[in-house]
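As numbered in the working numbering, the sequence shown has no gaps in its residue numbers, which increase by one up to the final residue, 127.
A virtual CB, placed ideally from N, CA and C, is assigned to each residue, including glycine.
Accompanying notes for the structure given below.
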Amino acid sequence: NAAEGNGNQRATRVELSLRANADEIALEVRDNGPGFSAEYLNNRLSNIATSKSQGSGLGLYTTQRLIIANHGQFKLANREHGGARVLVNLPRDAQHER
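Dropping the structure here:
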């Protein structure tokens with residue numbers, strides 16, 4: 030998504046960080062692209078939406094649903110000085126969470 034951006038503007042830099050401990054795995058993705066629209070951030074659970082002319086809107090929606098189904102957390106936000114931020118936290122052993 031960062032590479033494609035919103036269809037008009039895209040990120041030129043994407044940073045990934047990964048942290049793992051005995052309980053969870055945490056992934057953070059940051060970019061310097063256009064970020065998420067306020068409308069998308071407010072309605073992402075109820076709408077499948079895209080800003081791209083050839084997009085289906087299924088990418089982040091499907092990712093979010095899969096992470097939640099595995100007892101994880103998925104958070105989208107805009108960075109303070111532009112760009113997007115995606116946080117994913119997954120339990121190390123989802124079997125014990127059920």
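Helix, strand or coil at residue i according to DSSP, with G and I counted as helix
i: ASN118; result: strand
i: ASN72; result: helix
i: ARG48; result: strand
i: ALA31; result: coil
i: ARG59; result: strand
Own chain residues within Cβ distance below 6 Å of residue i, not counting five before or after
i: ASP60; result: ALA31, ALA40, VAL43, GLY112, ALA113
Per DSSP, the bridge partner or partners of residue i
i: ASN107; result: ALA113
i: GLN102; result: ASN118
Option in the options with minimal Cα separation from residue i
i: GLY101; options: LEU45, ILE54, GLY36; result: ILE54
i: PRO63; options: GLU33, ALA98, LEU47; result: GLU33
Cβ shell of residue i (< 7 Å), same chain only, five flanking positions each side left out
i: PHE65; result: LEU105, ASN107, ALA113
i: LEU70; result: LEU105
Inter-residue Cα distance where the pair is residue i and residue j
i: GLN93; j: HIS110; result: 24 Å
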